[in-house]
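>
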Amino acid sequence: MGVSPLSGVSPLLSLDLLRFNGSLGTAKRELLLLFSFTEVFELQKKQKKVKVQIYNINLRKCIPIEPEYKKKYFGDIGDSVCPALKTERSRNERDFERAGATELKAWAGGIIWSSGVKFELTNLVFTVLESAMDRLACCSPGKTAFSAIRRATTQKCKDELSDIACRLKNHQLVPERLPNYCLRKDSVPGSSLGCFLDGSQNSRLLPSYGVKLLGMTVQKCIDLCLQSSFPYAGVHNGKECYCGVKKPSLEHLLARTYCSLPCDGQSGHTCGGIDATEVFDTAVPPRESAKLIAANNNSNSTTRIGFILTLNGRGLRQVTRLLRIIYRPYHFYLIHVDARQDYLFRNLLQLELKYPNIKLTRKRQSSIWGGASLLDVLLQAMEQLLELDSQWRYVFNLSESDFPLRSVEDLEAFLAANPGRNFLKSHGRQTRQFIHKQGLDRVFHQCESRMWRLGDRTLPAGIRVDGGSDWFGLTRELVQYATGKSNSDQLLAGLKNLYKHTLLPAESFFHVLVLNSRFCDSYADNNLRVTLWRRSQGCLCQHRNVVDWCGCSPMVFRTTDWPHLESIMNKSIVFFGRKFEAAIDQSVINRLEERLANASISHQGWDSYWESVYHVSDLSPSPNQALLAISASLTRHSLLLMMQHHSDANCFVKPERIITITSYFRLDHYQGDLILFNGASETAQFEALVKPMSRSVFPNGSSPRSLGILKVGSDYDPKEQVLRNRLDAMGSTSKPVAVFRWTLNSQINSTISPVAQLAWFDPDYRLRSVNLVNVSDASKMGYQNLDLDESLTPGVWTLLAIYEDKKIASADFLIVPLVGENPADFRAIKEHPSQNVFQKYLPYDSKLDSKRRRHVELMMKDNHAYVDLMTAEFYSVQDVCYVSLPISCAKPSSDWLPCSKTEWSSLSPDPKSNLR
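Each residue of the sequence shown is one higher than the last, beginning at 1 in the UniProt record's numbering.
#1: Express the C-alpha separation of Val722 and Arg741 in angstroms, rounding to a whole number.
#2: Indicate the three-state DSSP secondary structure (helix, strand or coil) for Cys195 in the structure shown.
#3: Are there three or more Cβ pairs, one per stretch, closer than 8 Å when the stretch 322 to 336 is compared with the stretch 347 to 364?
#4: Can you list, in chain order, the residues of its chain whose CB lies under 6 Å from that of Asp910, leaving out five sequence neighbours each side?
#5: Of the choices Glu448, Ala756, Gln784, Lys780, whose alpha-carbon is the least far from that of Ala801?
#6: Any heavy atom of the ligand MN closer than 7 Å to the Cβ of Met859?
#7: Under the DSSP definition of a beta bridge, which residues are partnered with Met555?
#8: Alpha carbons only, please: which of Leu205, Gly142, Val690, Gly455 is nearest the one belonging to Cys195?
#9: Going by other Cβ atoms of all chains shown within 10 Å of its Cβ, with 16 needed for buried, is Asp787 buried or exposed?
#10: Between Gly782, Ser834, Val547, Ser289, which has its C-alpha nearest Thr743's C-alpha?
#11: For the stretch 287 to 304 against the stretch 894 to 913, are there 3 or more C-beta pairs whose distance is under 8 Å?
#12: For Glu278, which three-state DSSP category applies?
#13: Between the Cα of Arg287 and those of Asp728, Tyr232, His269, Leu323, spot the shortest distance and give me the residue it belongs to.
#14: Rank Gly272, Leu226, Ser229 by C-alpha distance to the C-alpha of Asn237 and give the top, closest one.
#15: Is Tyr716 helix, strand or coil by DSSP?
#16: Helix, strand or coil, according to DSSP, for Arg151 in the structure here?
#17: Quick check: the Cα distance between Asp249 and Leu197, rounded to an integer number of angstroms?
#18: Which partner residues of Glu687 appear in the DSSP bridge assignment?
#19: Can you check whether the C-beta of Phe874 is within less than 8 Å of a C-beta belonging to chain D?
#20: Run through DSSP, which three-state label would Asp402 get?
#21: Name the residue from Asn312, Cys243, Pro843 whose alpha carbon lies nearest to the alpha carbon of Asp281.
#22: Start and end of the alpha helix (DSSP H) containing His637?
#23: Check this for me: beta carbons of Cys881 and Val653, under 8 Å apart or not?
#24: For Leu858 and Thr153, I'd like the C-alpha separation in whole angstroms.
#25: Whole angstroms is fine: what's the gap from Leu674's alpha carbon to Arg346's?
#26: To which residues of the same chain is Met870 closer than 6 Å at the C-beta, ignoring the five residues directly before and after it?
#27: Drop a sphere of 10 angstroms on the beta-carbon of Gln784, count the other beta-carbons inside from all chains shown, and report buried for 16 or more, exposed for fewer.
#28: Are the Cβ atoms of Gly577 and Leu565 separated by less than 8 Å?
#29: From this set, Leu634, Asp402, Ser908, which residue's C-alpha is nearest Phe677's C-alpha?
#30: Taking only the alpha-carbon atoms, compute the straight-line gap between Leu557 and Ser587 and give it to the nearest angstrom.
#31: Going by DSSP, which residues form a beta bridge with Phe740?
#32: Express the C-alpha separation of Leu818 and Ser732 in angstroms, rounding to a whole number.
#33: Put Leu592 into one of helix, strand or coil per three-state DSSP.
#34: By DSSP, does Glu240 sit in helix, in strand, or in coil?
#35: Whole-angstrom Cβ separation of Cys541 and Lys156, contact assumed at under 8 Å?
#36: Taking the alpha helix (DSSP H) that His445 falls in, what are its first and last residues?
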């Protein structure tokens, strides 16, 4: 039985499937192609309007992919088609995703022999719909785009990526040139100033920037220099381009014949000479910042401001504290809360009822680091701000991690002294370097809450490029221009299209718009902010989970940074600082507020901070089920502890529902989580303060290296070196991470080994992973993820730290069994090849083994009872208070306190975060 030819197969595949003719060689080749065809469509199965249905495949042996086919069709996916080949048994199913689709089928059957290997294929059917695959096949966008499309999971995202990749390949995505409306007076773009002597490599005629250009042309050099805001461009030696700020002196002028070498990329045109440079006028002004004038402290003028707050996370109290400091009844405040943050939006929405000049936008988007959506958020907020209030003259954007360094009145006076200035911070380096490091020469697209990289691009010629910070202060006139809808302005329309597919768009969009428009003279290279950069910590590619790029983020200011911060405030024009995070260091924020008030402040809650972790009303984000399971167990422990101190036997309450979970900090230290919950009686409500206990052990020894810290948790922030999952609530789908810090035993002389081993054991004492970690740096926190493909077995896991063949530390951590999970499903795990090597570090203990078996039996029988047993070992209840009591406990014990009277409860007073 043969294979029908597939007419209409896209050129990417170009598989000429002829009928099998019985020849072993031919059969082998055709079978290979057949399975190559299957593999390609399997990888691209969820692309736009593509569906592959494979019926009843029986494949007896994998077929190696020959190099010529591997390179042509598969790239780097592997050496065999079989691992990625999946079988779908969807009989009689046809998935036509648009009307008029063409159905293509190929049948293969019978038995085929090749080199003594038997292959059986029975009733093999492909259903392929006309799709974006045809466009991909025609444009061949490259492995970067194919990688993104393959990794995307939703059909919609794959569609968008496919479309953009082909538009990029076909030069339909990025305009070749955009107009520049900011040119020097009395200048002619591209005009030649003459041929000048330029023979010294150490003292170039145009010394600001130089590069050898492949395919050199005069226009290429002019565009390059113009892009970097250099007024003059010079072509030299046929393939060299130089840029400068100063116009060459006429004393170096030569006859035109000295500049007669042909351009490397343009026949019939000349590009300077061996010791001569022809200079051209780019017509753009040099990059200069408008001069700023100090504010007149005696001025009574008030410049009205529109504040755009783009908020994320759950730090409600830090947001309301920021609003309390900057709120004035004559300014306007527009708030955008990330679309995934129900808690923050719901609570801030109440402000609209009290304050007519505070509004929350309903046009919410999910903003991710580097995402294109941030620019959309800002432009939409600006449009709305223009509609809501006609009085503001400046707009400033802030986040939940910003805090004022000077008073709002000082800012008003400064703006009044510098009318018409647009405050933007530049990158401060060579433009070409900035473009490359920023990824401006790449195409990105945001979908599935990720920025996907699709390939390289050339930025439009004719415009100056700049960028730096996405925190700014802009005039109302510029905002009106930036939000304009007219397509007649080619610069504005072109930039908006360009930045739809740009990483970190808000970090350069407004810079480029200002520099190339009628607003260019208003550019002030100061965004009136201060940030803290430590690139060794802030540039660790910590955003790779949401973007195909390595980026940097500023550090959170801490109390130890106060001298640096105070020095900048005293000598620079700054009005805001970022980042501040009260969950990491609130003392520095308190110090700033005291500086603003010019007074010492002390009241209840001043040194405390509360941050929401969970609220029962939240729909998004989805709650951590392990957190809820542990918290529910701890409410049971809390009430048992509370009832022990009540004399009335009739006073008994069962916990019913968790309302909120809040992390509590005091004096910049985590004190535990607060669980607010209802009792079975509707009138009863309590709050418990609970905290995880340390399960780390550090045996005494004489190793030249020892561990000062070893802890296992999840949601590690390598930049700030903190575990964000503070209650250590982990389930079977969690991603544990070991956090450690080494110390050096200086009294021991030994050749220090550069590595140690971390061995991970599951609850059945099976070795699941071994990691080598560097121990050479004793000054920094280290971390190591547990990378497993399968889910984690519920129970108590053990991490061992081994150095020079000695166990120097261990840490236990709990993986909570969740409702609906069958513990037996986790037991069939293949033995690790190094099990016997590392088993000696975890010797058999009959008592511990008996305890483990009892725990497994209890887990199988009663999940709640097992979790209660484990939380008693891993957590402590620090305190309990009541909000309201049931009738049976109407007379509280003398040891019981109402929550409002405690210092720690989330219901205790917190004046600093109340917007009065």
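For each residue, glycine too, the CB sits at the ideal point set by N, CA and C. If you're wondering where the values come from, they're calculated on a predicted model, not measured in any experiment.
Here's the rundown:
#1: Straight-line Cα distance between these residues: approximately 13 Å.
#2: Cys195: strand per DSSP, three-state reduction.
#3: Put simply, the stretch 322 to 336 touches the stretch 347 to 364. At least three CB pairs are less than 8 Å apart.
#4: If we look at Asp910 and ignore the five residues flanking it on each side, its Cβ neighbours are Gly605.
#5: Of the listed residues, the one whose Cα sits closest to Ala801 is Ala756.
#6: No copy of the ligand MN occurs in the structure displayed, which carries no ligand at all.
#7: In the DSSP output, where bridge partners are listed per residue, Met555 has Leu532.
#8: Proximity to Cys195 across Leu205, Gly142, Val690, Gly455 peaks at Leu205, based on C-alpha coordinates.
#9: Classification for Asp787: exposed.
#10: Check the Cα spacing between Thr743 and each of Gly782, Ser834, Val547, Ser289: the tightest is with Gly782.
#11: Not touching, per the Cβ criterion.
#12: In the structure shown, Glu278 sits in a strand (DSSP, three-state: E or B).
#13: Taking only the C-alpha atoms, the option nearest Arg287 is Tyr232.
#14: The candidate whose alpha carbon is nearest that of Asn237 is Gly272.
#15: In the structure shown, Tyr716 adopts extended strand secondary structure according to DSSP, grouped into three states.
#16: Looking at Arg151 - three-state DSSP - the assignment turns out to be helix.
#17: For the record, residue 249 in the displayed sequence is Ser; it is not Asp. If I take the Cα positions, the gap works out to 10 Å.
#18: DSSP output for Glu687 lists Leu676, Cys881 as bridge partner(s).
#19: Given the protein chain composition of this structure (a single chain), no chain D is represented.
#20: Asp402: strand per DSSP, three-state reduction.
#21: Nearest to Asp281 by C-alpha distance, out of Asn312, Cys243, Pro843, is Cys243.
#22: For His637, the enclosing alpha helix (DSSP H) starts and ends at 625 to 643.
#23: At least 8 Å separates the beta-carbon of Cys881 from that of Val653.
#24: Approximately 39 Å between the Cα atoms of the pair.
#25: Distance between the alpha carbons of Leu674 and Arg346: 20 Å.
#26: For Met870, same chain residues with a beta-carbon under 6 Å away, outside a window of 5 residues either side, are Leu814 in chain order.
#27: Burial check for Gln784: the Cβ neighbour count within 10 Å reaches 16 or more, so the residue is buried.
#28: Judged by beta-carbon spacing, Leu565 lies within the 8 Å limit of Gly577, meaning their Cβ atoms are closer than that value.
#29: Nearest option by C-alpha distance: Leu634.
#30: Correcting the residue identity first, residue 557 is Phe in this sequence and not Leu. Pairing Phe557 with Ser587, the inter-Cα distance amounts to about 10 Å.
#31: Paired residues: Leu710, Gly782.
#32: Whole-angstrom Cα-Cα distance: 8 Å.
#33: Helix at Leu592.
#34: For Glu240, the three-state secondary structure derived from DSSP is strand.
#35: Contact flag wrong, Cβ pair sits at about 27 Å.
#36: DSSP places His445 outside any alpha helix (DSSP H); the residue lies instead in the beta strand (DSSP E), whose first and last residues are 442 to 447.
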